[in-house]
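*Asks:* This is the structure I want to talk about, given as structure tokens.
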Amino acid sequence: MHEPTFRKACEKAGIDAPIVPGILPIENWKGARNFAFRCGASVPAWLDDAFEKAERDGREDLLATALCTELCSDLIDEGIDALHFYTLNRPELTRDVCHALGVQPQVQLENVA
Numbered sequence: 007m008h009e010p011t012f013r014k015a016c017e018k019a020g021i022d023a024p025i026v027p028g029i030l031p032i033e034n035w036k037g038a039r040n041f042a043f044r045c046g047a048s049v050p051a052w053l054d055d056a057f058e059k060a061e062r063d064g065r066e067d068l069l070a071t072a073l074c075t076e077l078c079s080d081l082i083d084e085g086i087d088a089l090h091f092y093t094l095n096r097p098e099l100t101r102d103v104c105h106a107l108g109v110q111p112q113v114q115l116e117n118v119a
């Protein structure tokens, strides 16, 4: 296991607060890609190709869930013990990622009639 650069930089600066990554599963690849480009970030060709094929086959959510689950699993393997999910009113993707990670809800939600 390698020590993440960000965490090392925080330690070096004397920051010892918990690091809780914010996770946003990709619910709209074209929107996410355009946002990345506007920010000056590059998008790996394999990722663009994977979403193009997933869209063709109607499997964008499956790909998004798999990628997000892998990212979260890597973070957990690196010692991160808490994740903060942004659902943007689409909790299904986060639910599926949590299920794939083996995370169980700590509270029981009830429908209010």
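Under my numbering, the residue at position 18 of the sequence shown is numbered 24, and the numbers go up by one with no gaps.
A virtual CB, placed ideally from N, CA and C, is assigned to each residue, including glycine.
A quick note: this is a predicted structure, and the numbers were derived from the prediction, not measured.
Mark residue 52 as exposed unless 16 or more other C-beta atoms lie within 10 angstroms of its C-beta, in which case mark it buried.
*Replies:* By the neighbour-count rule (16 or more Cβ atoms within 10 Å), residue 52 is not buried but exposed.
*Asks:* My output table needs one value for residue 29: the three-state DSSP class, helix, strand or coil.
*Replies:* Reduced to three states, the DSSP call for residue 29 is strand.
*Asks:* Could you compute how far the alpha carbon of residue 116 sits from the alpha carbon of residue 15?
*Replies:* Straight-line Cα distance between these residues: approximately 43 Å.
*Asks:* Between 88, 59, 93, 103, which has its C-alpha nearest residue 23's C-alpha?
*Replies:* It is 88.
*Asks:* Restricting to Cα atoms, I'd like to know which of 90, 43, 78 is closest to residue 107.
*Replies:* Nearest C-alpha to residue 107: 78.
*Asks:* Nearest-angstrom Cα distance between residue 12 and residue 58?
*Replies:* Taking the straight line from one Cα to the other gives about 31 Å.
*Asks:* Which residue wins for smallest C-alpha separation from residue 98, given the options 71, 34, 18, 41?
*Replies:* Ranking the options by Cα distance to residue 98, first place goes to 71.
*Asks:* Quick one: measure Cβ to Cβ for residue 21 and residue 73, integer angstroms, because I've assumed they're closer than 8 Å.
*Replies:* The pair is not a contact, with the Cβ atoms about 29 Å apart (cut-off 8 Å).
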